[in-house]
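Student: Numbered according to this note's numbering, the sequence shown spans residues 32 to 479.
Each residue gets a CB set at the ideal place from its N, CA and C atoms; glycine is no exception.
Before we start, here is the structure in question, set down as structure tokens.
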Amino acid sequence: MTLLDIFPSLRSGGMLPRLDPSVWPRETHYDADGRITVGGVALADIADQYGTPTYILDETEVRSRCQAYRRQFPDAEVLYAGKALLTRAVAEWVTEEGLSLDVCSAGELAVALSSWVNPQRIMLHGNGKPFAELETAINCGIGRVVIDSLTEITLLSALASTPQRVLLRVCPDVDVHGHPAVRTGVADQKFGFTIGSHALSEAVERIVRQPNLEFAGLHCHIGSQIYDTFPYGEAIRRMIGEMARIRDDYGVTLGTLDIGGGHAVAYRPGDAEMNLAELADIIEDSLDAACARYAFPRPTIAMEPGRAIVARAGITLYRVLSIKHVEGGHTFVTVDGGMSDNPRVTLYGARYEAVVANRHPTGPHMTANIAGRYCEAGDILATDVRLPADLRPGEVLAMPCTGAYHHSLSSSYNGVGRPPIIAVRDGSTRELVRRETIEDLMRRDIGH
Ligand code: LLP
């Protein structure tokens with residue numbers, strides 16, 4: 032039997048392009064008809080059944096990323112940062128895999144609680160937590176709150192009737208040279224207290240004076256989409272130094288150091304990503320060195336990956352609406368989604384790839400820009416993408432690595448409802464979040 036007998040559609044010429052495992056879920060294949068399948072389901076079938084645009088989420092991929100973290104960091108507490116993507120099912124999957132959960136609002140907390148996540152395994156974050164959110168968190172018995180301001184210390188100690196475990200957010204002043212919108216480790220920004228500052232000392236002093244607050248540790252988050260491990264080592268060395276100073280000045284030995292999230296993923300083949308084994312090594316080495324230097328007992332390390340858990344498990348499906356060859360200019364393939372389901376391109380200059388999902392992309396190709404449907408010239412989802420030259424309206428494009436900060440950042444701009452999230456696993460689909468309809472949008476508009 033030849034390859035052509037197995038894949039008759041290959042007769043149209045050309046070889047199958049590789050679906051690079053660095054940006055697609057592990058269980059991504061071509062079926063006998065040349066269609067892309069993920070988790071055993073053809074993406075084109077999902078587009079037919081649920082419409083487009085649609086977010087796909089591969090459950091097995093999410094779980095296996097959680098398992099990879101548990102394997103690589105057996106002694107650390109791994110908290111999934113729900114801001115990347117939180118639905119009830121995702122909360123369930125990650126906690127079943129042994130992760131804890133980091134939430135940053137009462138809304139995320141509600142999703143977690145409705146999935147019966149043990150509140151003790153939840154940590155609340157945010158530089159601006161409204162009083163009502165702190166109250167909700169305390170009332171549900173949340174495990175830890177990361178304090179970000181002096182005001183919060185007052186509010187929390189007034190709210191807590193039993194000692195509330197808290198961490199204090201510290202800015203270690205480590206520059207990761209990331210996109211300015213997601214650089215959080217440098218001094219003079221809005222999060223936490225700068226390392227070595229008077230404000231930090233004052234916060235520590237106030238926390239240790241409060242009988243209602245149990246000071247559990249320090250927290251830092253140096254940024255996002257970081258592929259270099261060195262800044263984590265540097266942050267750990269500085270944070271242990273600060274923990275030693277707190278011990279010396281206040282007699283409190285903190286047992287937890289939370290180093291935040293920020294681990295990079297590849298969005299396109301060849302992009303750099305965080306190597307977890309290297310990260311584990313640098314964490315060990317810097318802890319050893321810093322704890323020896325300050326004669327400080329090894330704290331438990333906590334970390335909060337968001338993107339690295341869900342990004343590659345997500346794929347967005349679009350249908351081609353039109354194809355326009357601008358004379359002397361670009362080819363624009365307009366799809367039925369855009370900047371409201373993927374604002375990352377306009378926000379951070381992120382770059383994506385896309386492929387046709389309903390047939391083999393064999394034969395001659397063209398280079399095109401994928402244009403969103405929104406009324407802004409900047410609504411371009413991807414540039415210089417190789418697509419079949421005979422691409423037609425109605426065909427399905429799949430954009431990989433769209434699981435993190437896509438649904439969670441999405442909007443209903445231009446009056447277009449947000450896409451649904453469809454989970455795939457072992458050859459079947461399950462709707463996790465339904466499409467936002469025009470009726471949903473109208474229901475909020477009550478101002479006649
Ligand atoms: N922990 C804290 C305190 C955070 O602020 C964040 C993300 C994380 C953990 C998770 O970071 P991750 O591992 O996902 O990088 N919307 C941007 C990313 C914003 C990240 C905000 N904080 C994007 O789409 O690139």
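Out of ILE290, ALA275 and THR193, state which residue places its alpha-carbon closest to the alpha-carbon of CYS322.
Tutor: Start at 1 with the first residue of the sequence shown, and residue 322 comes out as number 291. Taking only the C-alpha atoms, the option nearest CYS322 is ALA275.
Student: Could you check if ASP179 belongs to the surroundings of the ligand LLP, using beta carbon to heavy atom distance under 7 Å?
Tutor: Counting from 1 along the sequence shown, the entry for residue 179 is found at position 148. No.
Student: Is it buried or exposed for ASN389, if we count other Cβ within 10 angstroms and need 16 for buried?
Tutor: Taking the first residue of the sequence shown as position 1, residue 389 is located at position 358. So ASN389 counts as buried.
Student: Reducing DSSP to helix, strand and coil, say where LEU110 ends up.
Tutor: Here residue 110 refers to the residue found at position 79 of the sequence shown. The answer is strand: DSSP assigns LEU110 an E or B state.
Student: Could you please give the first and the last residue of the uninterrupted beta strand (DSSP E) stretch that includes GLY248?
Tutor: Along the sequence shown, one-based indexing puts residue 248 at 217. Run containing GLY248: 244-250, per the beta strand (DSSP E) assignment.
Student: Would you kindly report the start and end of the unbroken beta strand (DSSP E) that includes THR398?
Tutor: As a first step, residue 398 must be located in the sequence shown, where it is residue number 367. That run of the beta strand (DSSP E) goes 396-402.
Student: Between the stretch 217-225 and the stretch 199-209, are three or more C-beta pairs nearer than 8 Å?
Tutor: As far as the Cβ criterion goes, the stretch 217-225 touches the stretch 199-209, which means the pair count is three or higher.
Student: Pick helix, strand or coil for SER145, following the three-state DSSP scheme.
Tutor: Taking the first residue of the sequence shown as 1, we reach residue 145 at position 114. SER145 falls in the helix class under three-state DSSP.
Student: Should ALA326 go down as buried or exposed, given a rule of 16 or more other Cβ atoms within 10 Å for buried?
Tutor: Here residue 326 refers to the residue found at position 295 of the sequence shown. Flag for ALA326 reads exposed.
Student: On the three-pair Cβ rule with 8 Å, is the stretch 323-343 touching the stretch 403-422?
Tutor: No, because fewer than three Cβ pairs between the stretch 323-343 and the stretch 403-422 fall closer than 8 Å, the two stretches do not touch.
Student: What did DSSP end up calling GLY44 once you bin it into helix, strand or coil?
Tutor: Working through the sequence shown from its first residue, we reach residue 44 at position 13. Unreliable positioning characterises GLY44 in this predicted model, as indicated by a pLDDT of 43, which lies under 50. A coordinate reading is not provided.
Student: Cα-Cα, which of ARG57, ILE253 and ASP133 is closest to ALA115?
Tutor: Position 84 of the sequence shown, counted from the first residue, corresponds to residue 115. Ranking ARG57, ILE253 and ASP133 by Cα distance to ALA115 puts ASP133 first.
Student: Is GLU139 near the ligand LLP - that is, is its Cβ less than 7 Å away from at least one heavy atom of it?
Tutor: By one-based count along the sequence shown, residue 139 stands at place 108. GLU139: no, Cβ never under 7 Å from the ligand LLP.
Student: Look at PRO56 and ARG343 and say whether their C-beta atoms are less than 8 Å apart.
Tutor: On the sequence shown, position 25 is the one that residue 56 refers to. On the sequence shown, position 312 is the one that residue 343 refers to. Taking 8 Å as the Cβ cut-off, PRO56 and ARG343 qualify as a contacting pair.
Student: Which residues mark the beginning and the end of the beta strand (DSSP E) in which VAL351 is found?
Tutor: Here the question's residue 351 lines up with position 320 in the sequence shown. Segment 345-356, the beta strand (DSSP E) holding VAL351.
Student: So, with DSSP's three-state summary, where would you put SER192?
Tutor: Locating residue 192 in the sequence shown gives position 161, counting from the first residue. SER192 falls in the coil class under three-state DSSP.
Student: Which residue from ILE354, PRO374, GLY403 and TYR405 puts its Cα closest to that of MET397?
Tutor: Reading the sequence shown from its first residue, position 366 is the one you call residue 397. Ranking the options by Cα distance to MET397, first place goes to ILE354.
Student: With a threshold of 8 Å between beta-carbons, can SER317 be considered close to chain D, or not?
Tutor: Any reference to chain D falls outside this structure, which holds one protein chain only.
Student: When the Cα of ASP316 is compared with those of PRO262, SER53, ALA420 and TYR111, which residue comes out closest?
Tutor: Within the sequence shown, numbered from 1, the residue matching residue 316 stands at position 285. When only C-alpha atoms are compared, the closest one is PRO262.
Student: Candidates TYR405, ALA73, ALA218 and PRO392: which alpha carbon is nearest SER459's?
Tutor: Here the question's residue 459 lines up with position 428 in the sequence shown. Answer by Cα proximity: ALA73.
Student: Which same chain residues end up closer than 7 Å to ILE277 when comparing Cβ atoms and leaving out the 5 residues on each side of it in sequence?
Tutor: Taking the sequence shown and counting its residues from 1, one reaches residue 277 at position 246. These residues qualify, in order along the chain: VAL235, VAL283 and LEU285.
Student: Got a sec, what are the start and stop residues for the alpha helix (DSSP H) ARG268 sits in?
Tutor: Reading the sequence shown from its first residue, position 237 is the one you call residue 268. Segment 261-281, the alpha helix (DSSP H) holding ARG268.
Student: If the criterion is Cβ atoms closer than 8 Å, does the pair ALA295 and TYR258 meet it?
Tutor: Residue 295 sits at position 264 when you count from the first residue of the sequence shown. Residue 258 sits at position 227 when you count from the first residue of the sequence shown. Yes, the Cβ-Cβ distance between ALA295 and TYR258 is below 8 Å.
Student: Confirm the yes/no value for this check: CB of HIS438, any heavy atom of the ligand LLP, distance under 7 Å.
Tutor: Position 407 of the sequence shown holds residue 438. No, the ligand LLP has no heavy atom inside 7 Å of this Cβ.
Student: With a cut-off of 8 Å on the beta carbons, I'd call ALA247 and THR287 a contact; round off their distance for me.
Tutor: On the sequence shown, position 216 is the one that residue 247 refers to. On the sequence shown, position 256 is the one that residue 287 refers to. Going by Cβ atoms, the distance from ALA247 to THR287 rounds to 5 Å, so yes, they are a contact pair.
Student: Buried or exposed for GLN195, please, with buried defined as at least 16 other CB atoms from any protein chain shown within 10 angstroms of its CB.
Tutor: Position 164 of the sequence shown, counting from 1, holds the residue named residue 195. It is buried - the Cβ of GLN195 has at least 16 other Cβ atoms within 10 Å.
Student: Closer than 7 Å to a non-hydrogen atom of the ligand LLP - does that hold for the CB of GLY223?
Tutor: For the purposes of this step, residue 223 is taken as residue 192 along the sequence shown, with counting starting at 1. Every heavy atom of the ligand LLP is 7 Å or more from the Cβ of GLY223, so no.
Student: Just to confirm the assignment, what range does the alpha helix (DSSP H) spanning ILE469 have?
Tutor: Position 438 of the sequence shown holds residue 469. 469-475 is the extent of the alpha helix (DSSP H) around ILE469.
Student: Where do the ends of the beta strand (DSSP E) carrying VAL176 lie?
Tutor: Numbered from 1 along the sequence shown, position 145 holds the residue referred to as residue 176. Segment 175-178, the beta strand (DSSP E) holding VAL176.
Student: Can you tell me whether ARG474 is buried or exposed, with buried defined as 16 or more other CB within 10 angstroms of its CB?
Tutor: Here the question's residue 474 lines up with position 443 in the sequence shown. Exposed.
Student: Please classify SER136: does DSSP put it in a helix, a strand, or coil?
Tutor: What you label residue 136 is simply residue 105 of the sequence shown in a count that begins at 1. Correct three-state label for SER136: coil.
Student: Along the alpha helix (DSSP H) that carries SER232, what are the first and last residues, could you check?
Tutor: The residue given as residue 232 occupies position 201 in the sequence shown. Element bounds for SER232: 229-240.
Student: Going by DSSP, what residue range makes up the beta strand (DSSP E) through LEU418?
Tutor: Sequence index remark: in the sequence shown, residue 418 carries index 387 (1-based). Segment 411-419, the beta strand (DSSP E) holding LEU418.
Student: Under a three-way DSSP split, which group does VAL207 fall into?
Tutor: In the sequence shown, the residue the question calls residue 207 occupies position 176. It is coil, neither helix nor strand.
Student: Would you say the beta carbon of LYS160 comes nearer than 7 Å to a heavy atom of the ligand LLP?
Tutor: Taking the sequence shown and counting its residues from 1, the one referred to as residue 160 is at position 129. Incorrect: LYS160 has no Cβ contact closer than 7 Å to the ligand LLP.
Student: Spatial neighbours of LYS221 within its chain, please: C-beta separation below 6 Å, excluding the five flanking residues on both sides.
Tutor: What you label residue 221 is simply residue 190 of the sequence shown in a count that begins at 1. ASN158.
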